[in-house]
Amino acid sequence: MQIALVILYGLLGAFVGVALDLVADRMPKRAPLFQGRPACEICGAGWRWQELLPVWGYLQRRGRCSACEARLPWRTLLLPIVTALVFGWLAWFRGLSFELLADSVYSGFLIVIAVIDLEHKLILNRVVFPALWATVGLMVLRVLLDLPRYLHYGYWLAAGWAPGQETALVGALSQGAGALFGFGVFFILHLVSPRGMGDGDVRLATLGGLITGFPGALAVVFGSFFLFGPVGVLLLFIGKEGRKTPVPFGPFLVLSTWAVMLWGDGWLLRYLQG
Ligand SMILES: [Zn+2]
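For what it's worth, the working numbering labels the leading residue of the sequence shown as 56, then goes sequentially.
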C-alpha cells in the first residue's frame, strides 16, 4: 500500500516538476505564468503535448528544440527527476497526511527558488512572497484543524511544556518566532555585507524560519553556514567590492530548511531525551 502511494506520488511529482520548470523559465523574465503554452526560448515554437511529458519529452527530442535545434536548459530534464524523487521520498516518510500536503507545497517552492538562484543568482519576490503566503495559509489551516506538529514545539518543550499539551496555536506562535529569527539574523548579515548577502536571502531565511518554527530556525541558519563551508563564508564577507560571491547562498538555505523540515522532529526528540 505504502509502495503504491510512493510510486503514484512520485509520478505526480514528475509532472509537478514540469510545471516548476515552466515557473523557473517564466518568473525571471517577468512573463505571465499562465499565458500561452510552453515554448522554445530561442525560436518561440510551442511544445507539443508529448514534448511536455517528464523526462520522456526531453529524451525524445534529444535535449534540443525540434524546430530550431537549440539546446534545452538542463533543468528541463532534471526538475521532473528531482521533484519525483522528493515527492516519492515525502510520501514514504509522511504517509497520506496533512504533513505530506504541507511538505509538498514547501518543497515545490524551495526547489524553484534554488533553481532560479543557481541559474540567475536571484531570489525573486514573485516566488518568495507567494511561498510565504502559502506557508501562512497552511499555518492557519493547521490551527483550524488543530493539527500540532512536534517540530514547532521545541522551545516550549525545552522550557518544560509537557508533551500532550500541544495545541496548534502554540505551534503557530513558534512559526512566527522562527520567521522573526531567520529574518533578524540575515537582516544583520545583510547590513554587514550588503553585497555578500542580498535582501533576497533575508526573505528566504524568513521563509525557512516560518516553515520550521523556533528553535528549528536555529538549525536552518547554522546548517546553511555549515553547508556553505568556512571558505564560502569568508568569501561572503571579505569579497571584493562590487563583486558578488561566485556561489549563490540561496540553495544552501533551501537545503538546510528542507533537512530541518524533514528531520527536525527526530533531532529535537533525541535532544530532549538527552
Ligand atoms: Zn526553438
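Every residue gets a Cβ at the ideal spot worked out from N, C-alpha and C, and that includes glycine.
- Here G215 is exposed: its Cβ has fewer than 16 other Cβ atoms, across all protein chains shown, within 10 Å.
- Within 7 angstroms of the C-beta of A139 there is not a single heavy atom belonging to ligand 1.
- When the alpha-carbon of L259 is set against those of I166, S248, G329, the nearest one is in I166.
- Taking the Cα positions, G321 is about 15 angstroms away from E154.
- Cβ contact annotation for G264 (same chain, cutoff 6 angstroms, sequence separation greater than five): G233, A234, F236, G237, A272, in chain order.
- Taken through DSSP and simplified to helix, strand or coil, A100 comes out as coil.
- When C-alpha distances from I243 are compared across T222, V276, L133, the shortest belongs to V276.
- Of the residues assessed, Y326 falls on the exposed side of the cut-off, its CB having fewer than 16 other CB atoms within 10 angstroms.
- In its chain, beyond the 5 residues on either side, F164, L262 have a beta carbon closer than 6 angstroms to the beta carbon of A186.
- Counting the other CB atoms within 10 Å of its CB gives I58 a total below 16, which places it among the exposed residues.
- Around the beta carbon of C123, fewer than 16 other beta carbons sit within 10 angstroms, so the residue counts as exposed.
- Taking C-beta separations shorter than 8 angstroms and ignoring five residues to either side along the sequence, the partners of L308 in its chain run D256, L259, A260, G263, V275, S279, following chain order.
- Residue pairing for R119: DSSP places it in a beta bridge opposite R126.
- By DSSP's assignment, A94 forms a beta bridge with G101.
- Ranked by how close their Cα comes to the Cα of P83, the residues L145, L66, E174 have E174 in first place.
- When the Cα atoms are used, T138 and A146 turn out to be separated by approximately 12 angstroms.
- Under the three-state reduction of DSSP output, G226 falls in the helix class.
- Remark: the C-beta of A227 is outside contact range of ligand 1, defined as less than 7 angstroms to any heavy atom.
- For A86, the distance from the CB to the nearest heavy atom of ligand 1 is not below 7 angstroms.
- Counting of Cβ neighbours within 10 angstroms places F148 among the exposed residues, the total staying below 16.
- With 6 angstroms as the limit, the residues whose C-beta approaches any heavy atom of ligand 1 more closely are C95, I97, C98, A100, C120, A122, C123, A125, in sequence along the chain.
- Taking 8 angstroms as the cut-off, the Cβ atoms of L127 and C120 count as close.
- Distance from the CA of I62 to the CA of P249, rounded to the nearest whole angstrom, comes to 44 angstroms.
- Take D76, set aside five residues on each side of it, and the residues of its chain with a beta-carbon closer than 6 angstroms to its own are R130, T131, L134, in chain order.
- In terms of Cβ geometry, G226 and R197 form a close pair [threshold 8 angstroms].
- Rounded to whole angstroms, the Cβ separation of A157 and L193 is 5 angstroms, and the two are in contact under 8 angstroms.
- In the DSSP annotation of this structure, the continuous segment of the alpha helix (DSSP H) that includes F70 starts and ends at 57-81.
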